[in-house]
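Visitor: Pasting a structure below so you can have a look.
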Amino acid sequence: MQRFIVKPAGNMAQLKCRAGGNPTPNITWFKNGKEPKRHYGEYRQNHWSLILEDLVTDDSGNYTCVVCNELACVNFTYVLGVIDGHNDNEMMDLVSEMEMMKVIGKNINIINLIGCCTQGGPLYVVVEYAPFGNLKDFLREHRPAAGYEIAFGTEPKEKEALTQKDLVSFAYQVARGMEYLSSRRLLRNGHRMEKPPCCSTDIYLLMRDCWCYEPYNRPVFSKLVEDLDAILTITANQEYLDLGLPQLDTPTSSQESSSDEEFPFSL
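For the sequence shown, position 103 (counting from the first letter as 1) is numbered 103 according to our numbering, and the numbering increases by one without interruption.
Right under this line is the structure:
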């Protein structure tokens, strides 16, 4: 079970998880499947409640209470969204984005809009439940901590390593979503990055094809889906791709596409 909550930044959120049983159960809270931690402030537990004061946008996420005794366990999830203070223009932008999401329609590779409330009080937006949060934060949480030292007296945290197959699978799903958005005439232009150190040559060549200056030289999303599907098929029974291929000269990260148009959908 789950419940959606939207709070303005600076407010307080009290997440309640009342339960009873014999023997008396214990309660454990998780944020996005991990022990909850805040960059600013502390979490406060009061009986069956988790209290967050002075909310910031980083507090957004999926909060799950797990209640267990010797006989069984039950759980409940709050999907907490923290939004910055807004003015009328920002409110209109958000409403405009919701209208666009209505036009987009439903697709398995896109977070879909379920409903919204725009009258008689705060703006509430209900979207499809994503148990792992958004892809950007998920990738950041699982990237290697190169260049950082572990503080003395603390135990290093074990992170589940993402394989090359995982990353190709993510790219495949994104391409499927982008293929659908392209059919709805929603396009994206952006930054040309250098070749990542663990990226295979085949995949980077595919990336560079997508960054061609002339739009008609770029592969359509249906072609990307086909190519990524082929890569996934080849590597289906492998733990990793062959990274021992020759390296390419990569463009500097300062090169960008000529269009200033921004993609209006956040993956």
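Cβ atoms here follow ideal geometry from the backbone N, Cα and C, with glycine treated the same way.
Being a predicted model, the structure only gives us computed values, none of them experimental.
Ordered along the chain, which non-local residues of its own chain (more than five positions away) have a Cβ less than 8 Å from that of P219?
Guide: For P219, where only same-chain residues beyond five positions count, the Cβ hits under 8 Å are L206, D209, C210, D227.
Visitor: Go through its chain and collect everything with a Cβ distance to N11's Cβ below 7 Å, but skip five positions before and after it.
Guide: Here the set comprises L55.
Visitor: Which full runs of the beta strand (DSSP E) of 3+ residues lie inside the region 31-98, going along the chain?
Guide: The qualifying runs are 43-46, 49-52, 61-68, 73-83.
Visitor: How long is the line joining the alpha carbons of L269 and D202, rounded to whole angstroms?
Guide: Summary: the structure shown does not reach residue 269, with the chain confined to residues 1 through 267, and so no result is reported for it.
Visitor: With 16 as the cutoff for other CB atoms within 10 Å, does V103 come out buried or exposed?
Guide: So V103 ends up on the exposed side.
Visitor: Of all the CB atoms in chain C, is at least one closer than 8 Å to the CB of C68?
Guide: Among the protein chains of the structure shown there is no chain C, as only one such chain exists.
Visitor: Cβ of C65 within 8 Å of Cβ of I5?
Guide: Cβ atoms of C65 and I5: not closer than 8 Å.
Visitor: Assuming contact is defined by CB atoms lying nearer than 8 Å, are R3 and Y78 in contact in what I supplied?
Guide: Contact flag set, yes.
Visitor: Using a threshold of 8 Å, state whether the C-beta atoms of Q164 and C198 are closer than that.
Guide: Going by C-beta atoms, Q164 is nearer than 8 Å to C198.
Visitor: If you reduce the DSSP assignment to three classes, tell me which class P23 lands in.
Guide: Reduced to three states, the DSSP call for P23 is coil.
Visitor: Closest to Y129 by CA distance: which of A230, L113, V67 is it?
Guide: It is L113.
Visitor: Shortest alpha-carbon distance to G33 belongs to which of F170, Y63, Q14?
Guide: The candidate whose alpha carbon is nearest that of G33 is Y63.
Visitor: Can you list, in chain order, the residues of its chain with a C-beta nearer than 6 Å to that of E179? Leave out the 5 residues immediately preceding and following it.
Guide: Here the set comprises F221, S222, V225.
Visitor: Hey, how far is the Cα of E70 from the Cα of G21?
Guide: Answer to the nearest angstrom: the Cα atoms are 10 Å apart.
Visitor: Do you know how far the Cα of T57 is from the Cα of L80?
Guide: Spanning the two alpha carbons is a distance of roughly 10 Å.
Visitor: Anyone know if the C-beta pair for V82 and C17 falls short of 8 Å?
Guide: In this structure, C17 does not lie closer than 8 Å to V82 by Cβ.
Visitor: Pick out whichever of G61, F30, E35 has its Cα sitting closest to the Cα of K7.
Guide: The candidate whose alpha carbon is nearest that of K7 is G61.
Visitor: Quick one: using the 10 Å Cβ neighbour count with 16 as the cut-off for buried, is K31 buried or exposed?
Guide: The residue is buried, with at least 16 neighbouring Cβ atoms inside 10 Å.
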